[in-house]
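If you read the sequence shown in the UniProt record's numbering, its first letter stands for residue 1, the second for the next number, and so on. A virtual CB, placed ideally from N, CA and C, is assigned to each residue, including glycine.
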Amino acid sequence: MKIIVTAAYSDLEEEYDHMVRLLPEHDVAPTLAPDAPVLCVTSRDLVTLELLDSLPGVRLIATRSTGFEHIDLAAARARGITVCNVPHYGDHTVAEFAFGLLLTLKRHLHTVLKDADAGRFPFGGLRGLDLFGLTLGVVGAGRIGRCAAKIGVGFGMTVLAHDIAPLPDEAERIGFTYVGLDELLTRADVLTLHTPLTPQTYHLIGAAELARLPRGAVLINTARGSVVALAAVLQALDSGQLAGAALDVLEDEERIAELAPPLLERYPNLLLTPHVAYHTVGSVGRIRQTTADNIRAFLNGAPQNTVPLP
């Protein structure tokens with residue numbers, strides 16, 4: 001059986017005889033495996049109507065991610081294709097990284113390390129700020145957001161959260177408070193985003209929302225790049241409305257090597273990382289295992305972790 005994948009995947013190689021690597025241009029897939037029943041992709045791969053038309057044999061799209069905005073779900077539904085994802089693999093992983101970014105900004109760790117690499121060890125200008133006593137605003141209190149809330153509570157922060165599906169028992173257990181988005185924005189010294197990308201969350205945080213934050217707030221985005229309007233973030237950094245921003249995701253991540261240098265040179269209080277918040281040995285292992293399990297379950301007639309199709 002041939003399974004089309006977009007990257008080498010030893011978990012599946014051990015079980016299936018043939019695999020076809022799908023090149024970014026998609027040229028190889030229709031020629032080598034038009035009847036392959038499974039298409040295994042990452043969040044960086046666009047699964048378009050045109051691609052699915054070229055792969056008439058596909059019956060399952062298995063994405064190695066939680067998000068599925070890169071897949072044309074309507075096209076999948078129209079063709080009777082099942083879509084499955086990896087709903088839980090790095091809840092604490094991403095939350096930990098978000099706080100790593102936050103501590104880097106608040107304690108100037110990026111500046112300290114850059115100076116140390118150059119053999120400089122200045123003391124002036126490096127006085128940081130405590131997290132204790134600050135208000136953390138969590139937008140998107142799903143599993144990752146709740147892990148971030150728990151870490152914030154551990155740092156002695158007041159934690160507010162906004163979510164379209166609040167879980168009061170979880171809020172009480174962890175020690176945070178649900179509020180509306182407007183109230184959260186007006187009170188959050190630190191704004192951390194953990195919401196999926198949907199039509200409703202596209203540019204959820206723009207100029208108007210950033211203007212509601214207390215002056216000197218910090219923005220952390222480890223969710224999806226398009227949840228934030230980058231131009232508005234840069235304007236807020238210019239004006240001092242934001243004291244710092246850390247973005248692990250961008251709208252145009254393929255161009256990060258091109259976009260990052262001029263931005264980082266202009267904004268010393270901006271951190272950019274290449275979508276690696278999830279990237280640990282443990283989380284990648286869970287992604288690989290769950291994806292392989294999803295494919296096996298589908299081929300055995302018992303699909304799991306299926307994505308609702310519109």
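**Prompt:** Would the stretch 82 to 92 and the stretch 283 to 292 be scored as touching if the rule is three or more Cβ pairs under 8 Å?
**Reply:** With a cut-off of 8 Å, the stretch 283 to 292 and the stretch 82 to 92 count as touching, because enough Cβ pairs lie within range.
**Prompt:** Which same chain residues, not among the five before or five after D35, have their C-beta less than 8 Å away from its C-beta?
**Reply:** As a working mapping, residue 35 is identified with position 35 in the sequence shown. Residues K2, P56 and G57 of the same chain have their beta carbon placed closer than 8 Å to that of D35, with the five preceding and five following residues left out of the count.
**Message:** Tell me the rounded alpha-carbon separation between A171 and G154.
**Reply:** For the purposes of this step, residue 171 is taken as the residue at position 171 of the sequence shown. For the purposes of this step, residue 154 is taken as the residue at position 154 of the sequence shown. Distance between the alpha carbons of A171 and G154: 14 Å.
**Request:** Assign S239 to one of two classes, buried (16 or more other C-beta atoms within 10 Å of its C-beta) or exposed (fewer than that).
**Result:** Within the sequence shown, residue 239 is the residue found at index 239, counting from 1. Label assigned to S239: exposed.
**Item:** Extent of the continuous beta strand (DSSP E) run through T306
**Value:** Taking the sequence shown and counting its residues from 1, one reaches residue 306 at position 306. Neither: T306 is in no beta strand (DSSP E) and is coded neither H nor E.
**Buried or exposed by the 16-neighbour rule on C-beta atoms within 10 Å, applied to R215** = Working through the sequence shown from its first residue, we reach residue 215 at position 215. In summary, R215 is exposed, with fewer than 16 beta-carbon neighbours lying within 10 Å of its beta-carbon over all protein chains present.
**Contact between the stretch 114 to 131 and the stretch 64 to 74 (3+ Cβ pairs under 8 Å)** = With the cut-off at 8 Å, the stretch 114 to 131 and the stretch 64 to 74 do not touch.
**Prompt:** By DSSP, does T82 sit in helix, in strand, or in coil?
**Reply:** Reading the sequence shown from its first residue, position 82 is the one you call residue 82. Here T82 carries a strand assignment [DSSP, helix/strand/coil].
**Prompt:** Is H70 helix, strand or coil by DSSP?
**Reply:** Taking the first residue of the sequence shown as 1, we reach residue 70 at position 70. Residue state, collapsed to three classes: coil.
**Request:** Might you give, ordered along the chain, the residues of its own chain that have their beta carbon closer than 6 Å to the beta carbon of K106, omitting 5 neighbours on each side?
**Result:** Residue numbering aside, residue 106 sits at position 106 when the sequence shown is read from its first letter. Cβ contact annotation for K106 (same chain, cutoff 6 Å, sequence separation greater than five): G128 and L129, in chain order.
**Request:** Look at Y278 and A245 and say whether their C-beta atoms are less than 9 Å apart.
**Result:** Position 278 of the sequence shown, counting from 1, holds the residue named residue 278. Position 245 of the sequence shown, counting from 1, holds the residue named residue 245. Going by C-beta atoms, Y278 is not nearer than 9 Å to A245.
**Prompt:** Over what stretch of residues does the alpha helix (DSSP H) that includes A257 continue unbroken?
**Reply:** If you number the sequence shown from 1, residue 257 lands on position 257. In the DSSP assignment, A257 falls within the alpha helix (DSSP H) that extends over I256 to R266.
**Range covered by the beta strand (DSSP E) that runs through V276** = The sequence position of residue 276 within the sequence shown is 276, counting from 1. Taken as a continuous stretch (DSSP letters only), V276 belongs to no beta strand (DSSP E), as it is neither H nor E.
**Request:** Alpha carbon to alpha carbon, how far is D163 from R77? Give it in angstroms, no decimals.
**Result:** Counted from its first residue, the sequence shown places residue 77 at position 77. Counted from its first residue, the sequence shown places residue 163 at position 163. As the crow flies, the alpha-carbon of R77 is around 28 Å from that of D163.
**Prompt:** Buried or exposed: where does R255 fall if 16 or more other Cβ atoms within 10 Å of its Cβ makes it buried?
**Reply:** Locating residue 255 in the sequence shown gives position 255, where the first residue counts as 1. Classification of R255: exposed, given that the 10 Å Cβ count is below 16.
**Request:** Just grab the DSSP bridge partners of I220 for me.
**Result:** Here residue 220 corresponds to residue number 220 of the sequence shown, with the count starting at 1. Paired residue(s): T192 and A246.
**Message:** Using a 10 Å radius around the Cβ and a threshold of 16 neighbouring Cβ atoms, would you call R80 buried or exposed?
**Reply:** In the sequence shown, residue 80 corresponds to position 80, counting from 1. It should be pointed out that residue 80 corresponds to Gly in this sequence rather than to Arg. Exposed.
**Item:** Beta-carbon proximity check, L219 vs A236, cutoff 9 Å
**Value:** For this step, residue 219 is matched to residue 219 along the sequence shown. For this step, residue 236 is matched to residue 236 along the sequence shown. Yes. Within cutoff.
**Request:** Look at the Cβ atom of L242, then the Cβ atom of A217, and state whether they are nearer than 9 Å.
**Result:** Here residue 242 refers to the residue found at position 242 of the sequence shown. Here residue 217 refers to the residue found at position 217 of the sequence shown. For the 9 Å CB-CB criterion, L242 and A217 form a contact.
**Asked** Leaving out the 5 sequence neighbours to the left and right, which residues in its chain are closer than 6 Å to V233 when beta-carbon positions are compared?
**Response** For the purposes of this step, residue 233 is taken as residue 233 along the sequence shown, with counting starting at 1. Taken in chain order, the residues that qualify are A245.
**Asked** Among R44, L39, S65 and T63, which has the Cα closest to the Cα of D53?
**Response** Numbered from its first residue, the sequence shown carries residue 53 at position 53. The option with the nearest alpha carbon to D53 is L39.
**Proximity to R146 [Cα-Cα], best of I61, A98 and L60** = Stepping through the sequence shown from its first residue, residue 146 is reached at position 146. With distances taken between Cα atoms, R146 lies closest to A98.
**Request:** List the residues that DSSP assigns as beta-bridge partners of T63.
**Result:** The residue given as residue 63 occupies position 63 in the sequence shown. Beta-bridge pairing links T63 to V41.
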